[in-house]
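Undergrad: Numbering (the numbering used here), first residue to last: 451 to 555. Yeah, the Cβ is synthetic: ideal placement off N, Cα and C, and Gly gets one too.
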Amino acid sequence: MSITLENQIENAKGMLLDEMNFDLDKFLTLSTENLDEYISHFAGFSVENIELLAECLSQIGFDENCENSKMYLEKSLQLYELCNVKSRTYSFEREAKINSIKNKI
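See below:
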């Protein structure tokens, strides 16, 4: 039995909602300005965790079966840029991911 992209997305949404009360659907509709405010309400959302969420969203966005790939990639890009603002260290890996997303969009 193969797991479709839609099933993976729904599973991720369910886990985030159940374990953290993090509403991915709501998050995906937030403006860049409201994104940081929403994330800051969750304890433990460090730069590393934000980067993991960005990675997750970009993987969904890069999947050729994703209907809303641009939305996922744009949100991922916003998260990576938020990491750049919050982090005290420069990350070549993060910058490479940002560039690959920009090239795809």
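1. Go ahead and pull the three-state DSSP assignment for N499.
2. Excluding sequence positions up to five away, which residues of its chain have a Cβ less than 7 Å from the Cβ of L503?
3. Go to C533, then tell me how far its alpha helix (DSSP H) extends in each direction, as first and last residue.
4. Which word fits Y540, buried or exposed, when buried means at least 16 other C-beta atoms lie within 10 angstroms of its C-beta?
5. Helix, strand or coil, according to DSSP, for E514 in the structure here?
6. Assuming E552 and L527 are in contact, meaning their beta carbons sit under 8 Å apart, how far apart are those beta carbons, in whole angstroms?
7. Going by the CB atoms, is the gap between L478 and Y488 shorter than 8 Å?
8. With DSSP collapsed to three states, give me the class of F492.
9. Assign R562 to one of two classes, buried (16 or more other C-beta atoms within 10 Å of its C-beta) or exposed (fewer than that).
10. Near L474, which residues of its chain fall below 6 Å by C-beta distance, leaving aside the five closest residues on each side in sequence?
11. What residue from Q458, G511, A493 has the CA that sits closest to C522's CA?
TA: With the structure as the only source:
1. helix
2. L529
3. 519 to 536
4. exposed
5. coil
6. Correcting the residue identity first, residue 552 is Lys in this sequence and not Glu. Between L527 and K552 the Cβ distance is about 7 Å, and since that is below 8 Å, they are a contact.
7. no
8. coil
9. Outside the modelled stretch of the chain, which goes from 451 to 555, sits residue 562, for which no answer is possible.
10. K463, L466
11. Here the sequence assigns Tyr to residue 522, which means Cys is not the residue at that position. Closest by alpha carbon: G511.
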